[in-house]
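Colleague:
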Amino acid sequence: MALEVGGKSIPLDEEGYLENLSDWTPEIAEALANAEDVKLTGEHWEILNFLREYYEEYQIAPAVRVLTKAVGKRLGADKGNSKYLYSLFPYGPGKQACKYAGLPKPTGCV
Amino acid sequence: MSTKNFLFVNRKAPYGTIYALESLEVVLISAAFEQNVSLAFIDDGVYQITKGQNSKGIGMKNFSPTYRALGDYDITKLYVSSESLAERGLTVDDLMELTYEDADDDYAEKPSIILANREEMAAMMAEQEVILSF
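Line order of the protein sequences matches chains A and B.
First residue of the first sequence? That's 0 in numbering that gives the first Met the number 0, and the numbers climb one at a time after it.
First residue of the second sequence? That's 0 in numbering that gives the first Met the number 0, and the numbers climb one at a time after it.
1) Could you give the first and the last residue of the continuous alpha helix (DSSP H) run that contains L27(B)?
2) With DSSP run on the structure shown, which of helix, strand or coil describes V109(A)?
3) Applying the criterion that 16 or more other CB atoms from any shown protein chain within 10 Å of the CB defines a buried residue, is Y76(A) buried or exposed?
4) Quick check: does the Cβ of R87(B) come within less than 7 Å of any heavy atom belonging to the ligand GDP?
5) Just grab the DSSP bridge partners of E100(B) for me.
6) Got a sec: which bits of the region 64-82 of chain B sit with their beta carbon under 7 Å from any beta carbon on chain A, in order along the chain?
7) Report yes if the CB atom of S111(B) is closer than 8 Å to the CB atom of K60(B), and no otherwise.
8) Go ahead and pull the three-state DSSP assignment for L38(B).
9) Taking 8 Å as the CB-CB cut-off, is F5(B) touching chain A?
10) In its own chain, which residues sit with a C-beta less than 8 Å from the C-beta of E13(A), not counting the 5 before and 5 after it?
11) Mind listing the chain A neighbours of K60(B)? Cutoff is C-beta to C-beta under 8 Å, in chain order.
12) Buried or exposed: which applies to R73(A), given that a residue is buried once 16 or more other Cβ atoms fall within 10 Å of its Cβ?
13) With 8 Å as the threshold, decide whether the Cβ of R64(A) is near any Cβ in chain B.
14) Which residues, taken in chain order from the region 68-82 of chain A, show a beta carbon closer than 8 Å to some beta carbon of chain B?
15) How big is the Cα-Cα spacing for I48(B) and G6(A)?
16) How many Å lie between K94(A) and D103(B) at the Cα?
17) Quick one: give me the first and last residue of the beta strand (DSSP E) that F5(B) is part of.
18) For the region 89-116 of chain B, which residues have a CB atom closer than 8 Å to at least one CB atom of chain A, in sequence order?
19) Counting along the chain, where does the alpha helix (DSSP H) carrying K72(A) start and finish?
20) Between the Cα of E116(A) and the Cα atoms of L31(A), C97(A), P92(A), which residue gives the shortest distance?
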């Protein structure tokens, strides 16, 4: 699989995640979201940026439970719950948000 | 799902074989299923949580920062063999500072590393229901 962005072909794995994490740009995030009919808003970006920082620090994509708790601590309890996260990422905050953020599929995600 | 006491015993150096990384992956998966997970670092396994790892020269990802995320996964008991450290000329100061936030104590940050000698390790192992050795 591949994604065409700005005249470049970006390789994806069979589930649509980036093959090379270093390929990621914000434009690629937009393109990955558009391919699933999602328009990224500021609320989406808050979570994507948070995930990228988490990955940078710990070298893993957090499990949903960990993401939810950490978002609550960082962005407030009104956002640190699965209802809010699923409203932004209906296919599952772990899988879908990590995909747009250019991270691997979360460990332990089934 | 019932909760069991899981212990993952890590005995090998972090690089050169896949054991350490595979163990860490299984640990994170077990914790996602809300099991009561502890880790033990014995023999060369103590090198897995040493400070200042740099794996550039061997072209492998340095996954040591991931151990610092264990607290987020409610894995708060990391037993380190005091004999294994001493035999390698290491002390607890050579290990990363691994901590967790205690939800029952106003989220105070507490150390996860527990130094244990052979007898203490044996007693701790006797309390486990599932032991996986890597």
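Just so you know, even glycine gets a beta-carbon here, dropped at the ideal spot from N, CA and C.
Modeller: In short:
1) The continuous alpha helix (DSSP H) containing L27(B) extends over residues 18-31.
2) Any answer about V109(A) is weak, because its pLDDT of 44 lies below 50 and its placement is not dependable; what the coordinates show is given next. In this structure, V109(A) counts as coil in the three-state DSSP scheme.
3) Reading off the sequence shown, one finds Ala at residue 76(A), where the question assumed Tyr. A76(A) is exposed by the Cβ-count criterion.
4) Among the ligands in the structure shown, none appear at all, so the ligand GDP cannot be discussed.
5) Under the DSSP definition of a beta bridge, E100(B) partners with E108(B).
6) Going along the region 64-82 of chain B in chain order, one finds P64, T65, R67, A68, D71, Y72 with a Cβ nearer than 7 Å to chain A.
7) Taking 8 Å as the Cβ cut-off, S111(B) and K60(B) do not qualify as a contacting pair.
8) In the structure shown, the three-state DSSP call for L38(B) is strand.
9) Output row for F5(B): interface = no.
10) Correct list, in chain order: M0.
11) Here the neighbours are Q58.
12) Residue environment analysis places R73(A) among the exposed positions, since fewer than 16 neighbouring C-beta atoms fall within 10 angstroms of its C-beta.
13) True, the Cβ-Cβ gap to chain B drops below 8 Å.
14) Those residues of the region 68-82 of chain A that come within reach of chain B (Cβ to Cβ, closer than 8 Å) are K68, A69.
15) Cα to Cα, the separation comes out at about 44 Å.
16) K94(A) and D103(B): Cα-Cα distance of roughly 31 Å.
17) Note, F5(B): beta strand (DSSP E), 4-9.
18) For the region 89-116 of chain B, which is checked against every Cβ of chain A, not one residue is closer than 8 Å.
19) For K72(A), the uninterrupted alpha helix (DSSP H) segment begins and ends at 63-74.
20) Lying before the first or after the last residue shown, residue 116(A) is absent from chain A, which here runs from 0 to 109.
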